[in-house]
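Accompanying notes for the structure given below.
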Amino acid sequence: MPTSDPVLSLEDVSISYGHVSAVTDVTLTLYAGETLALIGPNGAGKSTLLRGITNQARKGNGKIRFGGRDISSTPTHRITRAGIVHVPEGRQVVAPLTVRENLQLAAHAAGRCPRREIEASIDRVHELFPPLARLRNTPSGLLSGGEQQMVAIGRALMARPAVLLLDEPSMGLAPVMVEVIYEFLGEHRDALGGAAVLLAEQSQIALRVADRAAVLSRGRLGFVGPSSQMDESLIAEAYLGTGRTAGVPETA
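So the sequence shown is numbered by UniProt numbering: it starts at 1 and just counts up by one.
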């Protein structure tokens, strides 16, 4: 369950590619244990914002704090080891490695899962995503898109995140696999051990599992508030880049 303790905060964060502004003056707070859905159309800046949090995209002005500490200039690998884990759009599993090897690699790379607990953590991933147990010795590059997404989320779980950044986890998946992924996010929330989740999606499906929602349109943040208050007109206006989503203050 979410708490009043902020775990990740962004203050006036802007990100550019060359002279092109992708994200402008975003201020957002993520609280321990909550799931926040970041909703917006393709090209709104959602992926760029997630990459900026982990310092994979060059930031201009603004501050990013994790657990109260400024990580705006912290290298990506140190951010991951500190507990912010990014599952990028397109899965990006290590294709030649088996499912099991991908999970082991993630645990070692993040350095947050003690060696003696790695096998138990793999078993836990298999419990959450039973197909991966059957596919444990299969090269990940041979899996379906949905199976690769399970591996990608499993890798993130092996890193024991304090903050999990999920970028378009439903993209390109068959409807049945989307249901599997969102069943995990909704019904097996305890598997994340209290981690906060920032979930970027074009689709409204993210609202099913989110405590709060935020609308990003043309790189600017609009509505931020309880997901129950997000209605179709707000989303439509975000996709059109007009109207009442602009300039709505953040609420917890």
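Just so you know, even glycine gets a beta-carbon here, dropped at the ideal spot from N, CA and C.
Margin query: Between which two residues does the beta strand (DSSP E) holding T24 run?
Written below: Numbered from its first residue, the sequence shown carries residue 24 at position 24. Start and end: V20 to Y31.
Notebook entry, point to check: Are the stretch 92–101 and the stretch 127–137 touching by the rule of at least three beta carbon pairs closer than 8 Å?
Noted result: yes
Item checked: A185 - containing beta strand (DSSP E), residue span -> By one-based count along the sequence shown, residue 185 stands at place 185. The sequence shown places Leu at residue 185, rather than the Ala named in the question. Taken as a continuous stretch (DSSP letters only), L185 belongs to no beta strand (DSSP E), being part of the alpha helix (DSSP H) at P175 to E187.
Next item on the list: Would you tell me roughly how many angstroms separate the C-alpha atoms of A106 and S170, rounded to the nearest one?
Entry: What you label residue 106 is simply residue 106 of the sequence shown in a count that begins at 1. What you label residue 170 is simply residue 170 of the sequence shown in a count that begins at 1. Distance between the alpha carbons of A106 and S170: 21 Å.
Margin query: Give me the residue from I205, V180, V26 and D12 with the minimum Cα distance to E232.
Written below: Residue mapping note: residue 232 aligns to position 232 of the sequence shown, counting from 1. That would be I205, whose Cα lies nearest to the Cα of E232.
Margin query: Check for me: the beta strand (DSSP E) holding S217 runs from which residue to which?
Written below: The residue given as residue 217 occupies position 217 in the sequence shown. Element bounds for S217: R212 to S217.
Notebook entry, point to check: Distance, Cα to Cα, R58 vs S16?
Noted result: The sequence position of residue 58 within the sequence shown is 58, counting from 1. The sequence position of residue 16 within the sequence shown is 16, counting from 1. Those two C-alpha atoms are separated by around 7 Å.
Notebook entry, point to check: For A37, which beta-bridge partners are listed by DSSP?
Noted result: Position 37 of the sequence shown, counted from the start, is the residue given in the question as residue 37. Its beta-bridge partners are L199 and A213.
Next item on the list: Could you work out which residue in D123, R51, E201 and G83 is closest to G194 when comparing CA atoms only?
Entry: As a working note, residue 194 is residue 194 in the sequence shown. G194 has its Cα closest to that of G83, out of D123, R51, E201 and G83.
Checklist line | Neighbourhood of L192 by C-beta, 6 Å cutoff - its chain only, sequence neighbours within 5 removed | finding: As a first step, residue 192 must be located in the sequence shown, where it is residue number 192. Within the same chain, L192 has no close Cβ partners at all.
Next item on the list: Report yes if the C-beta distance between A44 and R218 is below 8 Å; otherwise report no.
Entry: As a working mapping, residue 44 is identified with position 44 in the sequence shown. As a working mapping, residue 218 is identified with position 218 in the sequence shown. In contact: A44 and R218 (Cβ atoms closer than 8 Å).
Notebook entry, point to check: Between D167 and R116, what straight-line distance do the alpha-carbon atoms span, to the nearest angstrom?
Noted result: By 1-based counting over the sequence shown, the position of residue 167 is 167. By 1-based counting over the sequence shown, the position of residue 116 is 116. Going by the C-alpha atoms only, they are around 30 Å apart.
Note to self: Taking only three categories from DSSP, how would you classify I15?
What the structure shows: Along the sequence shown, read from residue 1 onward, the residue named residue 15 stands at position 15. Of the three classes helix, strand and coil, the one that applies to I15 here is strand, per DSSP.
Notebook entry, point to check: Should L142 be labelled buried (16 or more other beta-carbon atoms within 10 Å of its own) or exposed?
Noted result: Position 142 of the sequence shown, counted from the first residue, corresponds to residue 142. Under this definition L142 is an exposed residue.
Notebook entry, point to check: Near R155, which residues of its chain fall below 8 Å by C-beta distance, leaving aside the five closest residues on each side in sequence?
Noted result: Your numbering for residue 155 matches position 155 in the sequence shown. Correct list, in chain order: V87, V93, N102, L103, L105 and A106.
Checklist line | Spatial distance of S47 from V7 (CA atoms) | finding: Position 47 of the sequence shown holds residue 47. Position 7 of the sequence shown holds residue 7. Taking the straight line from one Cα to the other gives about 20 Å.
Note to self: How far does the alpha helix (DSSP H) with G145 in it extend, from its first residue to its last?
What the structure shows: For the purposes of this step, residue 145 is taken as residue 145 along the sequence shown, with counting starting at 1. G145 to M158 is the span of the alpha helix (DSSP H), which, as asked, contains G145.
Next item on the list: Using a threshold of 8 Å, state whether the C-beta atoms of R91 and A152 are closer than that.
Entry: Reading the sequence shown from its first residue, position 91 is the one you call residue 91. Reading the sequence shown from its first residue, position 152 is the one you call residue 152. Yes.
Check: Looking only at C-alpha atoms, which of P130, L157, V215 and D123 sits nearest to M177?
Finding: Locating residue 177 in the sequence shown gives position 177, counting from the first residue. It is P130 whose Cα lies nearest to the Cα of M177.
Check: In this structure, does DSSP put I71 in helix, strand or coil?
Finding: By 1-based counting over the sequence shown, the position of residue 71 is 71. Of the three classes helix, strand and coil, the one that applies to I71 here is coil, per DSSP.
Check: So what does DSSP say about R136, is it helix, strand or coil?
Finding: Taking the first residue of the sequence shown as 1, we reach residue 136 at position 136. Three-state DSSP puts R136 in coil, outside helix and strand.
Checklist line | Whole-angstrom distance between I64 and G175, CA atom to CA atom | finding: Residue 175 sits at position 175 when you count from the first residue of the sequence shown. Residue 64 sits at position 64 when you count from the first residue of the sequence shown. The displayed chain sequence assigns Pro, not Gly, to residue 175. Rounded to whole angstroms, P175 to I64 spans 35 Å at the Cα level.
Next item on the list: Look at the Cβ atom of S227, then the Cβ atom of L207, and state whether they are nearer than 8 Å.
Entry: Here residue 227 is taken as the residue at index 227 of the sequence shown, counted from 1. Here residue 207 is taken as the residue at index 207 of the sequence shown, counted from 1. In contact: S227 and L207 (Cβ atoms closer than 8 Å).
Check: Which residue comes first and which comes last in the alpha helix (DSSP H) that contains R65?
Finding: Taking the first residue of the sequence shown as position 1, residue 65 is located at position 65. Where R65 is concerned, there is no enclosing alpha helix (DSSP H), although the beta strand (DSSP E) it sits in stretches over K63 to F66.
Note to self: Under DSSP, the alpha helix (DSSP H) around V224 begins and ends at which residues?
What the structure shows: Along the sequence shown, read from residue 1 onward, the residue named residue 224 stands at position 224. Run containing V224: none in the alpha helix (DSSP H); it sits in the beta strand (DSSP E), R220 to P226.
Notebook entry, point to check: In whole angstroms, what is the alpha-carbon distance linking D25 and V215?
Noted result: Position 25 of the sequence shown, counted from the start, is the residue given in the question as residue 25. Position 215 of the sequence shown, counted from the start, is the residue given in the question as residue 215. C-alpha separation (whole angstroms): 14 Å.
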